[in-house]
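Heads up, the sequence shown is in my numbering, so the first residue is 132 and it goes up one at a time.
Here's the structure, in structure tokens; my notes come after.
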Amino acid sequence: MASPMKNLLTDPARYLQAFRLFLAKSTEHQSMQEFVERQLPAVIDSIGNGKSTINILSIGGGSGEIDLLIISKVQARYPGVTINNEVVEPSADQISKYKERVAKTSNLENVKFTWHEETAYEFESRMNAEKKPKKWDFIHMIQVLYYVKDIPATVRYFHSLLETQAKLLIILVSGTSGWETLWKKYGSSFPLGDLCCYVSSADMKKILDSVGLKHQLHDVPSHMDITSCFIEGDKDGELLLDFLTETYEFSKTAPPELKRQVMEELRKPQCSEERDGKVVFNNNLGVIVVEP
Ligand SMILES: C[S@@+](CC[C@H](N)C(=O)[O-])C[C@H]1O[C@@H](n2cnc3c(N)ncnc32)[C@H](O)[C@@H]1O
């Protein structure tokens, strides 16, 4: 009998392998880079006015690739100002990759890095226990809110830590992406456990409206080549399918009918388009800037 489906995060090494393959097969980071180049300067324009130190908090900073791009924009806007960049990241492996990246990046003399190997919730509990709330000039949560238990409470908590001119940046898959189509239809069949949940920028907008937090939402185009998912036995294809469904060894453990339906769905125009013989999945990102 096939083993029951389990969440991909139950195997952190396979999750990381799948996430890195996703980055290689998608324009995820290129799209974020474009956002950082074109739109972030306006977002951070006044966060450091009158400050000698700018405090940045990165939630789920991963291996730091996007964090360092963000820091470079803050440096460009506020040359010579000290930046205190703290990272809340539960994966030791990601933190060690982040440290390696910092070590080989130049122009970071005025940036102090601190890594906290913990989840967003552990950070919140630690801060509450220490009873000395620290305020931040910029907080970002990039592709991470899927992994917190209570999204409205987490967003409200981090929003409460913003300085008066600060901003909170949230990036999630967009409500216009193939993720939305796939997950709204099949999410309840995937083994989420209490490790992660599906949330898009459209859901996030509703949450922010309901708690009365002022924000702007932008859609950033992005795509992912999922052609290998349709090649039976292809190792990359299997890993990408795991990432798409958040399921450990989806190809081997999903009931055949679910697998058939998911494969069919992934080819449909609401999820993907055919381009030059490739199946290109809509990986659009939703970027949300929350005001203090
Ligand atoms: C999809 S990756 C995104 C990494 C990075 N922000 C990026 O966009 O490239 C999600 C990251 O969140 C981290 N993470 C998972 N659960 C978390 C939690 N509860 N609190 C904070 N970070 C978490 C993971 O270890 C991982 O590095």
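C-beta atoms are modelled at their ideal positions from N, C-alpha and C, and glycine is treated no differently.
Predicted model only: the values in this text are computed from it and were never measured.
**Item:** Closest Cα partner of C327 within the set K316, A144, T376
**Value:** Among K316, A144, T376, the Cα nearest to that of C327 is on T376.
**Message:** Among S177, L188, F254, P322, whose alpha-carbon lies nearest the alpha-carbon of A207?
**Reply:** S177
**Request:** Would you mind listing the alpha helix (DSSP H) stretches within the region 306-392 that are 4+ residues and don't spill past its ends, in chain order?
**Result:** 309-317, 332-341, 366-376, 381-384
**Item:** Given N216 as reference, the closest of E249, D268, A234, M258 once Cα atoms are compared
**Value:** D268
**Request:** For the region 174-219, list the beta strand (DSSP E) runs that are entirely contained and at least 3 residues long, ordered along the chain.
**Result:** 184-190, 213-219
**Message:** Taking its Cβ as the centre, do 16 or more other Cβ atoms sit within 10 Å of N415, making it buried, or is it exposed?
**Reply:** buried
**Request:** Would you mind stating whether P221 and E196 have Cβ atoms separated by less than 7 Å?
**Result:** no
**Message:** Is G306 close to ligand 1? I mean its beta-carbon at under 6 Å from any heavy atom of the ligand.
**Reply:** no
**Asked** Straight-line CA distance for Q148 to F254?
**Response** 26 Å
**Message:** Given this structure, state the Cα-to-Cα distance separating E369 from C402, to the nearest angstrom.
**Reply:** 18 Å
**Request:** Kindly give me the distance between the Cβ atoms of E159 and F153, rounded to whole angstroms, as I take these residues to be in contact under 8 Å.
**Result:** Yes, they are in contact, since the Cβ atoms of E159 and F153 sit about 7 Å apart, within 8 Å.
**Request:** Using the DSSP secondary-structure output, state which residues sit across from M426 in a beta bridge.
**Result:** Within the shown structure, residues of the chain are numbered from 132 to 423, placing residue 426 beyond reach of any answer.
**Asked** Across which residues does DSSP place L397 in a beta bridge pair?
**Response** Within the DSSP bridge table, the entry for L397 names no partner.
**Request:** Taking S256 as part of the alpha helix (DSSP H), name the residues at either end of that continuous run.
**Result:** 251-261
**Message:** Considering only DSSP beta bridges, list what R406 is partnered with.
**Reply:** According to DSSP, which records beta bridges pairwise, R406 is partnered with K409.
**Request:** Would you tell me roughly how many angstroms separate the C-alpha atoms of V279 and H247, rounded to the nearest one?
**Result:** 16 Å
**Request:** Under 8 Å Cβ to Cβ from D350, same chain only, skipping five residues before and after it: list those, please.
**Result:** For D350, where only same-chain residues beyond five positions count, the Cβ hits under 8 Å are S305, T307, S332, N415, L416, G417, V418.
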